[in-house]
Structures are given as C-alpha cells and as structure tokens.
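Which chain is which? The protein sequence lines are X and B, in order.
Going left to right, the first sequence walks through residues 0 to 278 as numbering that gives the first Met the number 0 numbers them.
Going left to right, the second sequence walks through residues 0 to 440 as numbering that gives the first Met the number 0 numbers them.
Ideal Cβ placement from N, Cα and C applies to all residues, glycine included.
Values in this document were obtained by computation on a predicted structure and should not be read as measured data.
Before any comments, here is the structure.
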Amino acid sequence: MNIIVSDVIALGLIAFLSAMVLYFVSKKFHVEENPKIDEIEQILPDANCGACGKIGCRDFAESCVKADAESFKKLYCPVGGASTMKKVADALGFDAEIKEETVAVLKCNGTCQNAPAKISYDAEISCRLANLISVGQSGCPDGCLRFGDCVKVCRFGALSINPDTGIPQVDENKCTSCGACVKMCPRGLFEIRPKGKDGQRVYVACSNKQKGAVARKNCSAACIGCMKCAQICEQIKVEDNLSYIPSSVSAQKFGAELVKNCPTGAIIMTKAKKENVHG
Amino acid sequence: MVKTFPMGGIHPDKHKITSQQPIVDAGLPEFVYISLKQHAGNPAKILVKKGDRVKVGTLLADADGIVSADIHSSVSGEVVRIDDEKNACGYDEKMVVIRVEGDEFEPSIDKSPDIVKEIPFTAEEIIKKIREAGIVGMGGAGFPTPVKVTIPEGKKVDCLIVNGIECEPWLTADDRLMVEHAEEIVIGAKILNKIFGIQNAIIAIDENKPEAIEVVRNITRRYVGVNVRVCKTKYPQGGEKQLVSAITGREVPSGKLPLDVGCIVQNVGTVFAIYEAVMKNKTLFERIVTVSGDTCARPQNFRVRIGTPASFLIDKCGGVSAETAEVVFGGPMMGQTTINLQAPITKVTGGVLLLSEEETHRPDMMDCIRCGKCVDACPMGLRPFLIGIYVRNNMIDKLKNIHAMDCIECGCCSYVCPARIPLLDFCKLSKIELKKKQKGN
Numbered sequence: 000m001n002i003i004v005s006d007v008i009a010l011g012l013i014a015f016l017s018a019m020v021l022y023f024v025s026k027k028f029h030v031e032e033n034p035k036i037d038e039i040e041q042i043l044p045d046a047n048c049g050a051c052g053k054i055g056c057r058d059f060a061e062s063c064v065k066a067d068a069e070s071f072k073k074l075y076c077p078v079g080g081a082s083t084m085k086k087v088a089d090a091l092g093f094d095a096e097i098k099e100e101t102v103a104v105l106k107c108n109g110t111c112q113n114a115p116a117k118i119s120y121d122a123e124i125s126c127r128l129a130n131l132i133s134v135g136q137s138g139c140p141d142g143c144l145r146f147g148d149c150v151k152v153c154r155f156g157a158l159s160i161n162p163d164t165g166i167p168q169v170d171e172n173k174c175t176s177c178g179a180c181v182k183m184c185p186r187g188l189f190e191i192r193p194k195g196k197d198g199q200r201v202y203v204a205c206s207n208k209q210k211g212a213v214a215r216k217n218c219s220a221a222c223i224g225c226m227k228c229a230q231i232c233e234q235i236k237v238e239d240n241l242s243y244i245p246s247s248v249s250a251q252k253f254g255a256e257l258v259k260n261c262p263t264g265a266i267i268m269t270k271a272k273k274e275n276v277h278g
Numbered sequence: 000m001v002k003t004f005p006m007g008g009i010h011p012d013k014h015k016i017t018s019q020q021p022i023v024d025a026g027l028p029e030f031v032y033i034s035l036k037q038h039a040g041n042p043a044k045i046l047v048k049k050g051d052r053v054k055v056g057t058l059l060a061d062a063d064g065i066v067s068a069d070i071h072s073s074v075s076g077e078v079v080r081i082d083d084e085k086n087a088c089g090y091d092e093k094m095v096v097i098r099v100e101g102d103e104f105e106p107s108i109d110k111s112p113d114i115v116k117e118i119p120f121t122a123e124e125i126i127k128k129i130r131e132a133g134i135v136g137m138g139g140a141g142f143p144t145p146v147k148v149t150i151p152e153g154k155k156v157d158c159l160i161v162n163g164i165e166c167e168p169w170l171t172a173d174d175r176l177m178v179e180h181a182e183e184i185v186i187g188a189k190i191l192n193k194i195f196g197i198q199n200a201i202i203a204i205d206e207n208k209p210e211a212i213e214v215v216r217n218i219t220r221r222y223v224g225v226n227v228r229v230c231k232t233k234y235p236q237g238g239e240k241q242l243v244s245a246i247t248g249r250e251v252p253s254g255k256l257p258l259d260v261g262c263i264v265q266n267v268g269t270v271f272a273i274y275e276a277v278m279k280n281k282t283l284f285e286r287i288v289t290v291s292g293d294t295c296a297r298p299q300n301f302r303v304r305i306g307t308p309a310s311f312l313i314d315k316c317g318g319v320s321a322e323t324a325e326v327v328f329g330g331p332m333m334g335q336t337t338i339n340l341q342a343p344i345t346k347v348t349g350g351v352l353l354l355s356e357e358e359t360h361r362p363d364m365m366d367c368i369r370c371g372k373c374v375d376a377c378p379m380g381l382r383p384f385l386i387g388i389y390v391r392n393n394m395i396d397k398l399k400n401i402h403a404m405d406c407i408e409c410g411c412c413s414y415v416c417p418a419r420i421p422l423l424d425f426c427k428l429s430k431i432e433l434k435k436k437q438k439g440n
C-alpha cells in the first residue's frame with residue numbers, strides 16, 4: 000500500500016514539475032504568428048503538391064500574407080484555381096486577377112493503332128526505365144512509352160491509361176494542371192495549356208522531330224512538318240519538322256480547318272464543352 | 000596468393016566458350032556507319048562532307064573540347080551521307096556512312112607485323128600521338144584516354160595497372176588479345192610508364208585465363224618493372240576501383256578517381272591501341288569483338304573495323320536463330336540489349352551476344368523481403384534495395400545521402416535478388432535523376 004502511495008506522489012510531483020517547465024518555456028519562447036496564415040491555409044486545397052512553386056500549402060499561405068498588392072499578382076494556386084484565389088484575395092483585401100483555367104494535354108497520339116508495337120519489352124513497367132533502355136515499343140524516339148508513369152504520379156486521379164488506345168488520357172474535370180506529369184514524363188510529352196473558350200482547344204498531338212518519312216514509318220499520326228497548318232494561320236511555327244500551335248490560336252476560328260487540312264491527323268481539336276476524346 | 004577486392008561480388012557462370020578461338024579478321028562490309036559519339040563527352044565535329052573520298056585512318060571528325068575524341072575512317076571509300084542513323088537503342092545518332100571500296104591505308108600507317116621495342120618519344124609527344132589516334136577507354140566507358148593519362152599538377156602516379164581482367168561472362172576479346180599480342184601490350188605499358196615517369200607496371204589477369212597468364216608472364220621476364228598479378232575470378236573484379244583495391248589495398252574515396260590514390264588503370268585493349276598509335280602511327284579504327292552466346296552457331300573472336308554493322312558479324316557466325324530472344328551489345332551483366340541489328344560496332348563494343356529466352360528472361364518482380372543479399376553482393380558497399388525504394392517513390396534528395404552516385408552499375412544486386420527486383424535499372428535511374436537535379440540547381 001505504502002509503495003502505491005509513494006509512487007503516486009512521486010509521479011504526480013514529476014508531472015507537476017514538467018508541466019511548470021513546459022508552461023514557462025511556452026510563455027518565454029512564444030512566437031507571434033500572423034493568424035491570417037492559418038486562415039488562408041484553410042482556404043487552400045491542402046494538396047501540398049508544390050504546383051505553385053512553394054514547398055506546400057502552408058508555405059504558399061505565408062507568401063500570400065507577406066506579399067504586397069504587386070507581388071501577390073505573381074502568386075497563383077493552379078489546383079484551387081480562380082475561385083480559391085478570389086477567396087484568398089478577399090481575405091487579404093487584394094484584387095484577384097482572373098487567370099485562364101489550364102489543363103494538361105498529351106502531345107502524342109501514338110496509340111496502339113497509330114503506332115503499333117514492334118519490340119517486346121519485358122523489363123520493369125516504367126517509362127523512365129524504358130526510356131533508358133531503348134526507343135520504346137513503337138520505335139518513335141519522342142513518342143509515348145505507354146507504361147503510365149504519369150498515371151502513377153498524378154495525385155488527383157485525372158490521368159488514366161485508355162485500354163483501347165494504350166496512351167494516357169486526361170480527365171479535364173479532375174486535372175488541376177499541377178504539372179507533376181510534365182515533370183515526370185521522361186520525354187516531356189505533357190504541356191499545360193489554357194482550357195480555351197468553351198473547353199475548345201486545338202494542338203499538335205506529336206513531339207517527333209524526325210524527318211517526315213522516318214516519323215511516318217513508326218506512327219501514322221506523326222507530324223511530318225508539311226507546313227500546311229502554317230499556311231492557314233501565320234502564328235503557327237514549324238521547327239525541326241514539328242509544328243507547334245500556340246495557345247493564342249483561336250480554336251473556334253481555325254480549329255476545324257486545321258484538323259481538316261492536316262494530312263496525318265496530328266492536329267487534334269477537343270469538342271466544345273465537357274466530353275472530349277483525347278484532351 | 001591470388002588477390003581480390005574486399006567486399007561484395009558474385010560468381011556468375013563463365014561461359015568463356017571462345018577462349019580458344021584465335022582472333023580472325025571479320026573482313027569488310029559493304030557500308031560502315033561511323034558514329035560521331037563513341038566516347039564520353041561532346042560529340043566530335045565533322046570535317047568531311049558527302050562525296051569525299053577517304054582512306055583507312057583518315058580523320059573524319061575533330062574532337063570538340065578537351066573531353067572528346069577524334070574519329071577516323073575505318074575503311075577506304077566514299078562518304079555516302081552524313082545523317083541521323085539509328086544506334087543500338089534505336090535512338091538517332093549522327094553517323095558518317097561510307098561505301099567501302101578497296102582497302103587503302105593512309106601512307107603514315109605502318110602495316111608491318113614487326114614489333115618495335117624502342118621508345119624514342121617524350122611524354123608530350125606520346126600524349127599528342129594518343130590524342131591524334133582518337134583513343135578512348137576500350138573497356139566500356141569510353142573515356143578519352145589522353146585526358147586520363149594527362150596528370151594534373153599536384154597529383155602523383157606511383158602505380159600503373161593494366162586491366163586484363165575480363166570478368167563479364169561470355170566475352171573473351173581481352174583474353175585472346177593478351178594471348179596473341181602479349182609483347183605489344185607489355186611495350187604499351189612501358190610507353191605509359193614513360194608518360195608518368197615511373198618504372199613499374201602491373202598487368203592484372205584473373206585466374207580463369209591460364210594461357211594468357213602463361214604467355215604474358217613469359218614476355219614480362221624480358222622487361223624490367225612489368226609484373227603479372229593473378230586475381231581471383233570474381234565479378235566485378237575488372238571494375239577500376241575494385242582492381243585498385245585488390246592490387247594495392249588502397250580504397251578510392253567516394254566521388255574520387257583512382258588517380259587520387261596514385262593509381263592509373265588502363266584496359267589491355269586500350270594499352271594495345273596506345274602501342275599501335277605510338278609505334279605504328281595507327282589510329283583507332285579496329286577492335287577485337289567476341290561474337291558468342293548460347294544461340295550462336297559458330298562463336299568467334301573477330302578483329303572488326305569500327306562502324307561495321309552488327310548483323311555483318313552475326314551472319315558470319317551463323318546468323319540469328321529462332322531461339323535467339325535478345326541480342327546484347329557488350330557483356331550480359333553491363334551490356335545493352337539492342338533493338339537494331341544494323342547498329343554499328345563502336346570503339347567500346349567488346350562483344351555481341353545472341354542469348355536465348357532462358358538466359359534473358361526477366362521474371363515478374365515481387366516485393367522486397369529485406370534479405371540483404373544485394374547489400375552483401377554490392378562491391379561498393381551500397382544499399383541497392385534502399386536506392387530502389389527511394390527512386391521508385393521519387394525521393395531524390397535522400398538518394399544523395401546513401402551515395403547512389405557511387406554505383407558502378409555492375410548489376411550484382413539484380414543478379415542476386417531473390418525477389419527479382421531490377422535493382423540495377425533503379426540504380427541507373429537514380430544516377431540520372433540525381434544528375435538532373437544537380438543541373439537544375
């Protein structure tokens with residue numbers, strides 16, 4: 000009995016002393032933090048993806064609070080989008096700048112049908128490894144390897160390998176354009192592009208820089224650098240046998256004509272609103 | 000007593016079926032494809048143009064910068080085109096395509112079989128000759144030799160090791176070279192001695208080459224300072240750092256070169272090329288290649304002109320059979336599976352292997368059971384399983400702390416893994432990711 004009593008007293012004393020020390024330390028070394036930081040962190044999507052260029056959402060919130068009206072304009076959370084930025088701006092009393100919504104697009108249309116596999120590959124299923132070993136199954140040195148490293152890295156479930164085509168497809172509603180796929184793809188096939196008016200956008204779904212005839216050998220949907228698109232709209236530039244359509248080219252105005260005139264079908268236009276096959 | 004390195008290593012099946020096959024001339028193909036990047040560093044700058052007539056040994060491209068190498072023509076004929084051609088991996092590479100016509104050598108090249116023993120040149124002259132011959136490390140890495148033999152100020156070399164260890168299974172190119180050209184290699188070692196201003200050289204040969212040991216030992220009796228050391232047959236005994244540790248007992252620190260502990264290691268193929276360049280004015284336009292493998296009908300050792308398509312050699316050995324599942328350039332442990340049989344032999348291709356499904360099959364990967372076999376097998380004392388985990392989860396920062404950059408890509412970890420995890424692939428990937436990260440910062 001005695002032992003129990005002495006134990007309780009001893010432990011109680013230790014607990015009391017420790018509590019005193021903790022109380023003293025917390026008072027003495029208290030750090031004043033702007034309560035706004037917590038407030039803004041609450042607004043942010045809490046994805047901690049780093050797409051904004053900061054370490055995480057907390058770091059982004061701190062930067063927002065520290066920023067003045069001018070430097071605030073440079074901060075943007077691609078995941079939360081315009082609505083989140085508006086809330087953040089309201090909380091801080093800044094003017095929110097309206098930015099166009101963006102989405103990731105795959106600049107390759109080397110589907111199983113367009114670019115049939117010629118080589119069997121039985122090593123670890125990973126694009127980054129396959130890229131080291133060889134050009135890949137289709138033989139195109141700049142094409143999609145179809146092993147889905149981008150799918151694994153996407154934290155929002157926006158990417159999936161289409162079982163029919165074998166290449167990844169982007170779910171426009173889920174994609175936050177955080178840019179993780181852009182960094183992961185060993186061939187840099189993803190590009191963050193504005194969603195466009197009514198979700199309509201036109202782009203070249205090819206990254207192959209080989210000469211037309213060589214590129215066509217491996218993939219029927221390869222850009223062959225024929226310059227036809229450049230004649231339709233002068234903003235389009237063809238370099239190294241590869242055409243690039245800047246996002247400033249209006250899909251409504253030129254889209255249909257570009258798609259119709261492309262001899263290989265390398266130019267893709269997404270359908271207006273929602274449902275789209277590829278983008 | 001046979002020597003070896005202190006930690007790790009494996010004992011794969013040797014398969015040295017061509018070790019008794021004498022080196023034969025492969026002959027001349029119809030076209031040769033000479034790549035402008037057969038070495039570590041910058042691709043060479045092209046000097047010839049379409050339609051030019053070249054001879055054996057004509058300079059085709061000039062070294063671009065210090066870490067680069069000259070490229071010479073390996074045949075006489077006409078330059079047909081200079082264009083992107085597919086290399087062994089299928090990627091485009093700038094190559095000079097030459098149509099072979101006759102076999103005319105540059106007049107400066109001494110074609111006589113006599114062995115020249117006197118070395119009348121100074122160290123500077125020798126290095127100049129090595130540079131002009133476009134010699135690179137022929138063991139596989141392809142590091143330009145003139146850079147390697149130019150000793151920076153403040154560094155001192157006291158030990159020259161000639162690497163006669165061919166620890167990769169199947170390959171016998173270096174073995175045959177030592178048997179047939181022992182004296183040239185010993186003189187080559189003496190030439191290197193002259194550059195470094197030292198008197199001794201060690202030729203390291205592994206136990207499973209009794210004929211080469213015998214022949215080289217007999218020759219070295221006539222040369223003061225050159226000795227043969229027999230090493231234990233163990234993979235990767237031929238790795239530079241492993242060899243230095245086996246012969247001298249010195250450990251090369253992380254991120255440093257053997258030069259930092261006073262050693263220089265040169266492959267026997269390179270030493271032979273140095274002899275020919277210095278004494279015979281011969282540029283590097285041919286090398287010894289073993290064509291072998293379990294589905295190869297007539298395995299042989301060839302003397303091959305650089306740029307010869309691999310298919311030309313394979314046809315000479317009976318062609319690709321129905322059982323051939325993979326064609327590998329280099330050894331089975333460190334080599335590269337090729338997807339393009341037209342790919343040319345380069346300065347660093349030591350072998351072309353035709354392997355069956357049985358030899359090359361990769362079973363499905365299972366989960367790591369933390370058995371630690373890869374740690375035991377790693378000759379660099381790394382933790383390959385951890386490198387694999389980090390790189391798969393994209394934790395690149397942590398890779399640096401576990402010294403992923405020290406990996407020599409020998410493949411011992413993949414070989415021993417009971418879960419069949421492609422650890423070598425992950426190690427290679429981690430090195431690339433680390434380099435990317437360093438460039439980014």
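query, result
"Inter-stretch contact at 8 Å, needing at least 3 Cβ pairs: the segment 35-52 of chain X / the segment 71-91 of chain X", "yes"
"Opening and closing residue of the alpha helix (DSSP H) in which B/Thr-307 lies", "Neither: B/Thr-307 is in no alpha helix (DSSP H) and is coded neither H nor E."
"First and last residue of the uninterrupted alpha helix (DSSP H) at B/Tyr-389", "383-391"
"Beta-bridge pairing of B/Glu-84 - partner residues as DSSP gives them", "B/Glu-92"
"Under 7 Å from the C-beta of X/Glu-123: neighbouring residues of chain B", "Met-364, Pro-421 and Asp-424"
"Residue burial classification, X/Val-276 (beta-carbon count within 10 angstroms, cutoff 16)", "Because X/Val-276 carries a pLDDT of 48, less than 50, the predicted location of this residue cannot be relied on, and the following value inherits that uncertainty. With fewer than 16 Cβ atoms within 10 Å of its Cβ, X/Val-276 is classed as exposed."
"Local conformation of B/Gln-437 per DSSP, three classes", "helix"
"Contact under 7 Å by Cβ, X/Leu-105 with X/Leu-188", "yes"
"Outcome for B/His-71 when other beta-carbon atoms lying within 10 angstroms are tallied against a minimum of 16", "buried"
"Cβ of B/Gly-330 within 7 Å of any chain X Cβ", "no"
"Beta-carbon neighbours of B/Lys-427, restricted to chain X and to distances below 7 Å", "Leu-131"
"Own chain partners of X/Met-226 with C-beta closer than 7 Å, once the 5 adjacent residues on each side are dropped", "Val-237"
"Whole-angstrom distance between B/Leu-423 and B/Val-326, CA atom to CA atom", "19 Å"
"Selection from B/Val-96, B/Glu-131 and B/Glu-100 that minimises the alpha carbon distance to B/Ser-107", "B/Glu-131"
"Presumed contact (8 Å Cβ cut-off) between B/Thr-307 and B/Leu-354, rounded CB distance", "No, B/Thr-307 and B/Leu-354 are not in contact; Cβ-Cβ is about 21 Å, not under 8 Å."
"7 Å Cβ shell around X/Gly-11 - same chain, five flanking residues per side excluded", "none"
"Endpoints, the alpha helix (DSSP H) within which B/Asp-205 is located", "That residue, B/Asp-205, is in no alpha helix (DSSP H); its beta strand (DSSP E) goes 200-205."
"X/Ile-118: contacting residues in chain B (beta-carbon distance under 9 Å)", "Gly-89 and Ile-338"
"Beta carbon proximity, X/Pro-140 to chain B, threshold 7 Å", "yes"
"Strand pairing of B/Cys-262, partner residues [DSSP]", "B/Cys-158"
"First through last residue of the alpha helix (DSSP H) which encompasses B/Thr-450", "The requested residue 450 of chain B does not occur in the structure, where chain B is confined to residues 0 to 440."
"Where B/Cys-426 falls: helix, strand or coil (DSSP)", "helix"
"Contact list for the segment 150-161 of chain X against chain B, Cβ threshold 7 Å", "none"
"Same chain, Cβ closer than 7 Å to X/Val-203, five either side skipped, listed in chain order", "Lys-106, Cys-222, Ser-242, Tyr-243, Ile-244, Ala-265 and Ile-266"
"Cross-chain neighbours of X/Arg-127 in chain B, by beta carbon under 7 Å", "Leu-428"
"X/Ile-166, DSSP secondary structure in three states", "coil"
"Span of the alpha helix (DSSP H) around B/Tyr-414", "411-415"
"Chain-order list of residues whose beta-carbon lies under 7 Å from that of B/Glu-239 (same chain, five-residue window excluded)", "Pro-257 and Val-264"
"Per DSSP, the bridge partner or partners of X/Glu-190", "X/Val-104"
"Option in B/Thr-336, B/Gly-261 and B/Leu-35 with minimal Cα separation from B/Glu-152", "B/Gly-261"
"Contact check, B/Ile-81 vs B/Ala-60, beta carbons under 7 Å", "no"
"is_contact[B/Arg-361, chain X] using C-beta, thresh 7 Å", "yes"
"Chain B residues whose Cβ lies nearer than 8 Å to that of X/Gln-209", "Asp-83 and Asp-91"
"Partners in chain B for X/Val-181, counting only beta-carbon separations shorter than 7 Å", "None at all; the shortest Cβ gap to chain B is about 14 Å."
"Residues bridged to X/Glu-238 [DSSP beta-bridge criterion]", "X/Leu-241"
"Unbroken stretches of the beta strand (DSSP E), 3 residues or longer, contained in the segment 16-67 of chain X", "none"
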